[in-house]
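Chemist: There's a structure below that I have some questions on.
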Amino acid sequence: MPGLSAGVALHSQMHFSHRIFEATTGAVPSTAKVELKIVAAAEEHGAPHCCSGRRSLLLSSGAAALSTILLSSEKALAVKQILLAGRIPGLSAPDESGIRTYRRPDAKSGGHGVGWSPIIPYTFRVPEDWEEVPVSIADLGGTEIDLRFLSKQEGSLSVVVAPVLRFASDLGEDATMEKIGPPEKVIDAFGPELVGQNVEGQVKDMMVKEHDGRTYYLYELNVPHVLITATAAGNRLYLMTVSGNARQWKKFGNELKNIWESFRVV
């Protein structure tokens, strides 16, 4: 029978789409499945011709619903694949001076396991030729490195996000630099880790600044040419290290200092 054959063909087509949906998402489109069952029951019991309009409506509605679900799932899957395929960008477009602002994306992964508060976003400003480079758990700088940036011409930077428990267990969930200790204590604790050697006698300059109620410790070291900014937020210590070799420092020292002084936890 032509009507029955067409119904069976459409049923088969929707069943095939249903199988694709299941294979793609692992879910079953319940609305389409219920409508298919209703149509199948009507066909099976020889529904009269007067019901053909209802049958057509059910089939077309089921097909439309399934198409919408399939398209939505494909879009969601595509977005998921894009997010998993690479880093989530955090750089703004360059301003009129060629400077871009980086803000740590809220959705960026990272942390120190269960019990740790989310990493509070931080920002800094870099010239437009600076680029983010991948960080892995095998990074020689340690597992607490959250970010690296590099300019082959000007230098490099990294951001370490470390638990304040490394200093004391009673700093709570809202640590401050004042609670952690004076600038000397922080650089003595983290300096060797950040620059790979003893920093005793290598601190050329040390400053304390405040921005929006948050205290920052700034250090300039001579080994080789390293600038460090440290601050605290939540239950973490944030440290940015900016460095350049002798040639880079001589030519781009001011640019490196601008990056160093722009670091903020928001």
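Take the sequence shown: its position 32, counted from the start at 1, is 32 in full-length UniProt numbering, and no numbers get skipped. Every residue, glycine too, gets a C-beta built ideally from N, C-alpha and C. Model, not experiment: these values are computed from the prediction.
1. Does the beta-carbon distance from residue 238 to residue 161 come in below 9 Å?
2. If we call anything under 9 Å between Cβ atoms a contact, is residue 195 one with residue 226?
3. If contacts are defined as beta-carbon pairs under 8 Å, then residue 330 and residue 259 qualify, I think. What distance do you get, rounded to the angstrom?
4. For residue 262, report the span of its alpha helix (DSSP H) as first-last.
5. Whose C-beta lies closer than 7 Å to the C-beta of residue 103 among residues of the same chain, with five residues either side of it excluded?
6. Closest to residue 189 by C-alpha separation, out of 155, 101, 228, would be which residue?
7. In its own chain, which residues sit with a C-beta less than 7 Å from the C-beta of residue 255, not counting the 5 before and 5 after it?
8. List, from N- to C-terminal side, the alpha helix (DSSP H) runs of 4 residues or more that fit wholly inside the stretch 117 to 154.
9. Could you give the residue range of the beta strand (DSSP E) that holds residue 218?
10. So, using beta-carbon positions, are residue 213 and residue 118 closer together than 9 Å?
11. If you run the structure through DSSP and keep just helix, strand and coil, what is residue 266?
12. Give the DSSP-derived three-state secondary structure of residue 199 in the structure shown.
13. Compute the Euclidean distance between the alpha carbons of residue 210 and residue 134, then round it to the nearest angstrom.
14. Just tell me which of 193, 147, 178 has its CA closest to the CA of residue 208.
15. How would you call residue 267, buried or exposed, if buried means at least 16 neighbouring beta carbons within 10 angstroms?
16. Quick one: using the 10 Å Cβ neighbour count with 16 as the cut-off for buried, is residue 146 buried or exposed?
17. Considering only the alpha carbon of each residue, which of 148, 220, 97, 107 lies closest to residue 249?
18. Kindly indicate which residue of 240, 129, 98, 245 has the alpha-carbon position closest to the one of residue 230.
19. Cutting at 8 Å between CB atoms, please list the residues of its own chain near residue 247, excluding the five before and the five after it.
20. Please classify residue 236 as buried or exposed, where buried requires at least 16 other C-beta atoms within 10 Å of its C-beta.
21. The beta strand (DSSP E) spanning residue 239 covers which residue range?
22. Given this structure, state the Cα-to-Cα distance separating residue 108 from residue 232, to the nearest angstrom.
23. Excluding sequence positions up to five away, which residues of its chain have a Cβ less than 6 Å from the Cβ of residue 82?
24. State the DSSP-derived secondary structure class of residue 189, mapped to helix, strand or coil.
25. What separation, rounded to the nearest whole angstrom, lies between the Cα atoms of residue 199 and residue 185?
26. Assign residue 91 to one of three DSSP states: helix, strand, or coil.
27. Could you tell me the alpha carbon to alpha carbon distance between residue 183 and residue 164, rounded to whole angstroms?
28. Short of 7 Å in beta carbon distance, which residues of its chain neighbour residue 144, apart from the five on each side in sequence? Order them along the chain.
Modeler: Looking at the coordinates:
1. yes
2. yes
3. Lying before the first or after the last residue shown, residue 330 is absent from the chain, which here runs from 1 to 266.
4. 246 to 262
5. 90, 121, 123
6. 228
7. 127, 154
8. none
9. 214 to 221
10. no
11. coil
12. coil
13. 31 Å
14. 178
15. The question about residue 267 has no answer here: the residues shown for the chain are numbered 1 through 266.
16. buried
17. 220
18. 240
19. none
20. buried
21. 236 to 243
22. 19 Å
23. At residue 82, the pLDDT of 37 sits below 50, so the modelled position is not reliable and the matter cannot be decided from this model.
24. helix
25. 12 Å
26. strand
27. 15 Å
28. 160, 161, 162
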